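The next block holds one structure in the form of structure tokens; read it before the comments.
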Amino acid sequence: MNKRSARLALVFANAGHVTTHLLMLLYPTVVLALEKRFTLSYGELMLLSLPGTVLYGAGALPAGILGDRWSAERMMVLFYVGSGLAAIATGLATGPLGLAIGLGAIGLFGSIYHPVGIAWLVRNAENRGRILGWNGIFGSIGVGIAPATAGALTQWIDWRAAFLVPGAAALVLGLALALLVRQGAVAASETDLKPQPEPRRGEVMRAFFALSVTMLAAGIIYQSMTVALPKLFEQRLGELTADGTLGAGGFASLVFAEGMFIPLIGGWLADRYSLKWVYVGSWLLAVPALLVSLHLAELPLFAATVVVFSLMSLSTPAENALLVRYTPGRWRATAFGAKFVLSLGVSALGLPLVAFIFDRTGDFAWLFLVLGALATAIVAAGAFLPRDGERAPEAAAAPAE
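In my numbering, the protein residues as written are -12 to 388.
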């Protein structure tokens, strides 16, 4: 294998993980400024991003199939260029319909990354666990800087800049990758450097049903928390945020910052202990953390949300390792595509859930109650996973969702 090509693939795969989460999470902070410009409620404005959120997950499966059967490198070029142009179009929108179309396009092109980018990364990695661990960190960086980036650009320039600047950066990366692919500097790899052992059929079926439930519920919790956090902090951290978009977005970024190191801890645990119980145990601890957040405010609320996001990040390496263990190698991209249909597509139900609860109650107390119930369901379903009596063949720190 061309080592230079592999290194470049790793660079663009990691940069893509930052890019996809950054672009997808600009709007929940930008929307705070749009409430003053459009005659729509917070809930109505948030629903404009629903098509993009659905497409972000729904497009993952066909993207994974194309990545396997056509070209992962060219699909990644399409991801970068399409996402960049979509973000620029969103920044140029003149009304709610234009915003919805632009956000939908961001979601559609963004859906390429997780199934294609992760499979591409694995194919080009010599030390898979470490590389995937760092890829998870890069994804968390994207999640972490999105609220602060959107808040700063909105407050210092205007809301359009929050889409135009990151969109232009994504477009430049896409054109650079296209040039490298055209020159042959980034070339396709025929086989994995580290093949996976084939799982038994009975284990595959049992894991499939258990993980389908857990990944869907975890996706709803993640989607709900990430989109609600800026508004939650604007409402309940008023003394700390000074009632500004930069303050609300900044504190949300501080919460997301845990993902810049927690996945490595989760990967270390998954390497040494039962994948099943690392996964189930993380969610078991998340249940009380969600429920105590019902009526907290200021620093106690901030601390509770940090705990929740840390536990979600802690569980992700084990979830990824379970998926890799119980998926035949030839279907890896398709399996990741199916995962993200659940965790990013169907779980987009979290967005209307946030909008519905807030518009009818003016608060997020009921949201935490619902999310606590979903975390309990994850624990129950996770208990039915196959018992991993032997050490995991590979515990890979998964990307942020």
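The beta-carbon is built from N, C-alpha and C at its ideal position, and this holds for glycine as well. Note that the coordinates shown come from a computational prediction; the quantities given were computed from them, not determined experimentally.
Just so you know, the alpha carbons of R24 and T81 end up roughly 11 angstroms apart.
If the five residues before and after F125 are omitted, its C-beta is found closer than 6 angstroms to the C-beta atoms of N1, H4 and V5, all from its own chain and listed in chain order.
In this structure, G120 and S211 do not form a Cβ contact; the two beta carbons are roughly 26 angstroms apart against a cut-off of 8 angstroms.
One alpha carbon belongs to A276, the other to L288, and they sit about 10 angstroms apart. Its chain contains V293, F296, S297 and S300 as the residues whose beta carbon lies nearer than 7 angstroms to that of E245, once the 5 sequence neighbours on both sides are disregarded; these appear in chain order.
The C-alpha of A172 is placed about 7 angstroms away from the C-alpha of R(-9). For the options Q222, T136, Y43 and T201, the alpha carbon positioned closest to that of Y100 is the one of Y43.
Beta-carbon to beta-carbon, L309 and A194 are separated by about 6 angstroms, close enough to satisfy the 8 angstroms threshold. Counting along the chain, no alpha helix (DSSP H) covers N(-11), and no H or E run does either. A contact is defined here as three or more CB-CB pairs under 8 angstroms, and the segment 367 to 376 meets this definition with respect to the segment 261 to 268. In the structure shown, P49 falls within a helical segment according to DSSP collapsed to helix, strand and coil. When DSSP states are grouped into helix, strand and coil, I252 belongs to the helix group. Cβ contact annotation for Y14 (same chain, cutoff 7 angstroms, sequence separation greater than five): S36 and L90, in chain order. Under a 10 Å Cβ-count criterion, I144 is classified as exposed, with fewer than 16 other Cβ atoms of the shown protein chains found around its own Cβ. CA-to-CA, the gap between L329 and L272 works out to about 23 angstroms.
Pairing A149 with V17 gives a Cβ-Cβ distance under 7 angstroms. Out of A137, A45 and F66, the CA that lies nearest to the CA of L160 is found in F66.
Judged by their CB atoms, S240 and P134 are nearer to each other than the 7 angstroms cut-off. Taking 7 angstroms as the cut-off, the beta carbon of F96 is found closer than this to the beta carbon of G69.
Under the three-state reduction of DSSP, R374 is assigned to coil, being neither helix nor strand. Taking A290 as reference, the option from L224, G359 and M62 with the minimal CA-CA separation is L224. Shown here, G189 sits in a helix according to DSSP, grouped into three states. The residue among P49, T26 and F351 with its C-alpha nearest the C-alpha of S98 is P49. Taking C-beta separations shorter than 6 angstroms and ignoring five residues to either side along the sequence, the partners of L216 in its chain run A239, following chain order. Apart from sequence neighbours up to five positions away, the residues of its chain that approach L278 with a beta-carbon distance below 6 angstroms are G359, ordered along the chain. Residue nearest to F(-1) within the set H282, A362, R61 and K326 is R61 (criterion: CA-CA distance).
The residues A352 and F355, in chain order, have a CB closer than 6 angstroms to that of L281 in the same chain once the five nearest residues on each side in sequence are set aside. Going by beta carbons, A74 and G129 fall outside the 7 angstroms limit. Beyond the five residues adjoining it in sequence on each side, A320 comes within less than 7 angstroms, by CB distance, of G51, G54, D55, P102, V103 and A106 in the same chain, given in chain order. If only uninterrupted alpha helix (DSSP H) runs of at least 4 residues are considered, those enclosed by the segment 40 to 99 are 47 to 56, 59 to 78 and 83 to 97. When the Cα atoms are used, G237 and A165 turn out to be separated by approximately 34 angstroms.
Annotation note: the segment 319 to 380 contains the following uninterrupted alpha helix (DSSP H) runs of length 4 or greater, listed N- to C-terminal: 319 to 327, 337 to 348 and 352 to 369.
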